[in-house]
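Residue numbers (this note's numbering): 4 to 190. Beta carbons: idealized from backbone N, C-alpha and C, even for Gly. Here is the structure we will look at, set down as structure tokens.
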């Protein structure tokens, strides 16, 4: 039975499953240091057991707003609100550390952040931006459901900010080929 602190920011809270794996995203609740504490559920993607127990699937997350399975590559993906200019898309690998609050491409006065890829032992996000689109939940669109978007990951934006011709295109959506090709991180 895990008790979460009441806080009004960085809650996370998505749930996703595939076959016998159920994952839950848990934000850092404004306590960034807890994202690196392996015994705390804060700032983690946790794996939920059949009996309600949990274990750390990945750590080092700030505010994971989206969580879904990509069957094209056979992996879960999380979307995450970073600090100013640090939203991320992460391809999740069990046991991996995504760096918060030590690494981010965003800016904050709360932590002495290093740019993604600066420190050893942390995963580099698949996609990040210097803007603040407020990326949210994503979904995989299979080939047989929508011809225009077949084999595409569609990820929503909460703010509607335009972040590039191939990315949000002013339509509040980020479209990524499901095989994760042809998308360059924002500069």
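Check this for me: beta carbons of residue i and residue j, under 9 Å apart or not?
| i | j | result |
| --- | --- | --- |
| residue 141 | residue 76 | no |
| residue 74 | residue 48 | no |
| residue 21 | residue 72 | yes |
| residue 177 | residue 130 | yes |
| residue 100 | residue 62 | yes |
| residue 57 | residue 95 | no |
| residue 80 | residue 152 | no |
What are the partner residues of residue i, as DSSP defines its beta bridges?
| i | result |
| --- | --- |
| residue 130 | 92 |
| residue 122 | Paired residues: none, contrary to the question. |
| residue 67 | 83 |
| residue 60 | Bridge partners of residue 60: none, in fact. |
| residue 179 | 156 |
| residue 24 | 21 |
| residue 47 | 29, 62 |
| residue 73 | 78 |
| residue 117 | 106 |
Which whole-angstrom value is the C-beta distance of residue i and residue j, which I expect to be below 8 Å?
| i | j | result |
| --- | --- | --- |
| residue 110 | residue 88 | 6 Å |
| residue 65 | residue 37 | 11 Å between Cβ atoms; not a contact. |
Between which two residues does the beta strand (DSSP E) carrying residue i extend?
| i | result |
| --- | --- |
| residue 80 | 78-83 |
| residue 103 | First-last for residue 103: undefined, no H or E at that position. |
| residue 17 | 15-21 |
| residue 139 | 138-144 |
Take residue i as the anchor and find which of the options has the nearest alpha-carbon.
| i | options | result |
| --- | --- | --- |
| residue 33 | 58, 19, 85 | 85 |
| residue 105 | 147, 127, 179, 97 | 127 |
| residue 42 | 90, 147, 156, 60 | 60 |
| residue 122 | 53, 107, 133 | 107 |
| residue 54 | 82, 31, 25 | 25 |
| residue 132 | 118, 14, 124, 18 | 118 |
| residue 97 | 154, 148, 125, 135 | 125 |
| residue 29 | 39, 36, 14 | 14 |
| residue 135 | 102, 143, 90, 120 | 90 |
| residue 16 | 39, 40, 50 | 50 |
| residue 145 | 116, 31, 181, 19 | 181 |
| residue 46 | 159, 19, 103 | 103 |
| residue 23 | 179, 52, 35, 149 | 52 |
| residue 159 | 147, 148, 143 | 143 |
| residue 18 | 40, 39, 116, 139 | 139 |
Is the Cβ of residue i closer than 9 Å to any Cβ of chain D?
| i | result |
| --- | --- |
| residue 150 | As a matter of chain content, chain D is missing from the structure shown, which is built from one protein chain. |
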